[in-house]
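First residue of the sequence shown? That's 305 in my numbering, and the numbers climb one at a time after it.
These notes concern the structure reproduced below.
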Amino acid sequence: MRFTNKAISIAVLAITATFSCMNDAQAASLTSSPLTIYGQATKGSVTAKVTRGVNPTGTNGTNGAYSEFHNQNTTTIDFNSTTQVGNKAYTFGSALATYSFQNGMSTSSGRTGVYSDRWAPSGANGEVNTSNYLAVFNGNKVTIDLTNKLNYFGIDWGALSAGNTFGFYSKGQLVSEFNYNDINPIAPVRARQHGGEGNGYLHFYANDSEGTFDQIVISQVGGGGFESDNHSFRISNKAFDFENGRDVPEPSMIIGLLATGGAILLKRNEQTV
């Protein structure tokens, strides 16, 4: 019995090491350096973490900041391509997400719509963003309907204004909600072109399967506007492992691997006795 316990212990250590190495490799493939988190907030089963985001090669921040996960199993919408798909409904380069404008989409500054002006969310280091972005004003909310459930949603958010509100829904039921007061104190970028108002890349993700969502509602309460760009979506109905940019493994999967590894090592050791 002592020998069997030893073999199983070795199996556990071997599989743990395998997971650790796999996680390190996946984390290295996601970013060239570890993510610097400037703050976080958790509401129910959803957590929001704030980074500066990254400027893709060749953009110098003029397209705004992107998610550190933007090339890793995510779909990114930059609002530079527009297709009308219904009454007050549009897609922006991907059929995964349909944006419905409560009272229609404008292309003029100061109204809910998509356009380019000085209030576009900044690059990762506060650079001026000269590309199109999404703006939402009071009385004209935007609803994003997804074709699949998500466990991760990222946005370049700024300039932050009081009244900015995000709601995450699953099958019509509110899962979690975040607003200006949750994020502004931890926004890492204070862009000069925005008079020092906060900017940052926000990563919203599910802590468990109850935190996954299929609809996002962006709204502005009162004066000011809600500006965002470079929305990143990740399809999954499982919890998201933010540190490694992947789904959290199912417990049954881990138990199965432990059992398999233990059986293999036990058999190998029995053959050598």
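Think of the CB as a built atom: it goes at the ideal place given N, C-alpha and C, for glycine as much as any other residue.
Please read all numbers here as calculations on a predicted model, not as lab measurements.
| Query | Result |
| --- | --- |
| Starting from Y484, trace the alpha helix (DSSP H) in both directions and tell me its first and last residue. | 484-487 |
| Quick check on R496: does DSSP put it in helix, strand or coil? | helix |
| Take R538 as the anchor and find which of N442, N377, Q344 has the nearest alpha-carbon. | N377 |
| What are the start and end residues of the beta strand (DSSP E) that includes G529? | 529-539 |
| In this structure, does DSSP put I490 in helix, strand or coil? | helix |
| Between which residues of its own chain and N407 is the CB-CB distance below 8 Å, once the five residues before and five after are set aside? | K392, T416, G443, N444 |
| Just the C-alpha distance for R550 and F544, rounded to the nearest angstrom, thanks. | 6 Å |
| Can you find the residues in the same chain that come closer than 6 Å, C-beta to C-beta, to A331, ignoring five residues on each side of it along the sequence? | Residue placement at A331 cannot be trusted, given a pLDDT of 38 that sits under 50; the coordinates are not used to answer. |
| Measure the beta-carbon distance from F546 to H498 and round it to whole angstroms, keeping in mind my assumption that it falls under 8 Å. | Not a contact, Cβ separation roughly 27 Å. |
| For the beta strand (DSSP E) that I341 lies in, which residues bound it at each end? | No beta strand (DSSP E) holds I341; DSSP gives it neither H nor E. |
| By DSSP, does E481 sit in helix, in strand, or in coil? | strand |
| Using a Cβ-Cβ cutoff of less than 6 Å, which residues in the same chain neighbour P360 once the five nearest sequence positions on both sides are dropped? | Y370 |
| When we look at the beta-carbon of E554 and count the other beta-carbons within 10 Å, is it buried (16 or more) or exposed? | exposed |
| Taking the C-alpha atoms as reference points, what is the distance between N429 and V493? | 7 Å |
| What did DSSP end up calling G414 once you bin it into helix, strand or coil? | coil |
| Rounded to the nearest angstrom, how far is the Cβ of V525 from that of T447, given a contact under 8 Å? | So it is not a contact: roughly 16 Å between Cβ atoms. |
| With distance defined between alpha-carbon atoms, name the residue in T363, S465, L400 nearest to G504. | S465 |
| Out of S404, G397, G462, F457, which one is the CA nearest neighbour of G427? | G462 |
| Kindly indicate which three-state DSSP category S465 falls into: helix, strand or coil? | coil |
| How long is the line joining the alpha carbons of T387 and V418, rounded to whole angstroms? | 12 Å |
| For the putative contact between T355 and I341, defined by C-beta atoms under 8 Å, what is the C-beta separation to the nearest angstrom? | 6 Å |
| Return yes when the Cβ of D449 is within less than 8 Å of the Cβ of S404, no when it is not. | yes |
| Pull up the distance between the alpha-carbon of Y473 and that of E481, whole angstroms please. | 9 Å |
| For G515, does the three-state DSSP call read helix, strand or coil? | helix |
| In angstroms, rounded to a whole number, what distance separates the CA positions of A495 and G502? | 7 Å |
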